[in-house]
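Colleague: Here this note's numbering = 1-based position in the sequence shown + 13.
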Amino acid sequence: MHDFIEEVLLTNEEIVAIAERIGKQISHDYAGKKPLLIGLLKGSVPFLAELMKHIDIEMEVDFMKVSSYSGVHSTGAVTITKDTSTPLVDRDVIIVEDIVDSGLTIQEIKNLLKDRKAKSIRVATLLDKPSGRTVPNLYPDYVGQEIPGKFVVGFGLDYDELYRNLPYVGVLKRSVYEK
Ligand code: 5GP
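Take a look at the structure:
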């Protein structure tokens, strides 16, 4: 564990086991279909990469980039800064996230994908912070782990672009961002 981390919430082994569980579930739920996984940049990349290894049906992958956070608090505004290149009409889409907090990002993206006539839309997230939810009745379909309302980093999750490369998920010490 690094000295800027207060507590490890998920070890790398636990994350791999989560990806295996969700990958198997997706393979089962989408048998005979060809889902399009849309990873939300940048945070979902490590989880998406791990998850894909455990999906054993035909699938495709694309990416979108939205910005909603700066620092440790949500700004509430969601802007799309990189769009998918795959046509979404009639596709079974699975949005892949690192963490769902307020739910605003997922709500916005779901609305956009509906407008683009995706056939079905589900959400797979490594982490879920239900205590932060401001969007009512928003439940991700595949959840790796529910976590308390603390600011976490690692396995794709950053603090001002740092710590995405940690192989585990941990709570960042407050002293790092309350200087
Ligand atoms: P939401 O729109 O659901 O509030 O926020 C989703 C996004 O906020 C995530 O993709 C992530 O970028 C960021 N986020 C929410 N909670 C955390 C957290 O605890 N740590 C980090 N690093 N990012 C977070």
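In this text, a Cβ means the ideal position worked out from N, Cα and C, and glycines have one as well.
Which residue comes first and which comes last in the alpha helix (DSSP H) that contains T118?
Modeller: As a first step, residue 118 must be located in the sequence shown, where it is residue number 105. Taken as a continuous stretch (DSSP letters only), the alpha helix (DSSP H) holding T118 covers L117 to D128.
Colleague: In the DSSP assignment, the beta strand (DSSP E) including A131 goes from what residue to what residue?
Modeller: Walking along the sequence shown from the start, residue 131 turns up at place 118. Note, A131: premise wrong, no beta strand (DSSP E); not H, not E.
Colleague: Put M77 into one of helix, strand or coil per three-state DSSP.
Modeller: Position 64 of the sequence shown, counted from the start, is the residue given in the question as residue 77. Reduced to three states, the DSSP call for M77 is strand.
Colleague: Using a threshold of 7 Å, state whether the C-beta atoms of L64 and A32 are closer than that.
Modeller: Mapped onto the sequence shown, residue 64 falls at position 51. Mapped onto the sequence shown, residue 32 falls at position 19. In this structure, A32 lies closer than 7 Å to L64 by Cβ.
Colleague: Roughly how many angstroms separate the alpha carbons of D105 and K37, rounded to a whole number?
Modeller: Numbered from its first residue, the sequence shown carries residue 105 at position 92. Numbered from its first residue, the sequence shown carries residue 37 at position 24. Spanning the two alpha carbons is a distance of roughly 17 Å.
Colleague: Measuring only the C-alpha atoms, how far is L179 from A30?
Modeller: Position 166 of the sequence shown, counting from 1, holds the residue named residue 179. Position 17 of the sequence shown, counting from 1, holds the residue named residue 30. The alpha-carbon atoms of L179 and A30 are separated by roughly 17 Å.
Colleague: Three-state secondary structure (DSSP) at R146?
Modeller: For the purposes of this step, residue 146 is taken as residue 133 along the sequence shown, with counting starting at 1. If DSSP states are grouped into helix, strand and coil, R146 belongs with coil.
Colleague: Excluding the 5 residues flanking V182 on each side, which residues of the same chain have their C-beta closer than 6 Å to its C-beta?
Modeller: On the sequence shown, position 169 is the one that residue 182 refers to. Here the set comprises L22, L23, V165, G167 and F168.
Colleague: Can you give me the Cβ contacts of I134 inside the same chain, cut-off strictly under 6 Å, excluding the 5 residues immediately before and after it?
Modeller: Within the sequence shown, the letter at position 121 stands for residue 134. Result list for I134: V106, K123 and L126, in chain order.
Colleague: Unbroken beta strand (DSSP E) runs of length 3 or more, entirely within the stretch 24-80: which are they?
Modeller: Fully enclosed beta strand (DSSP E) runs of 3 or longer: 49-54.
Colleague: With respect to the beta strand (DSSP E) encompassing V109, which residues constitute its N-terminal and C-terminal limits?
Modeller: By 1-based counting over the sequence shown, the position of residue 109 is 96. Per DSSP, V109 belongs to the beta strand (DSSP E) from D105 to V113.
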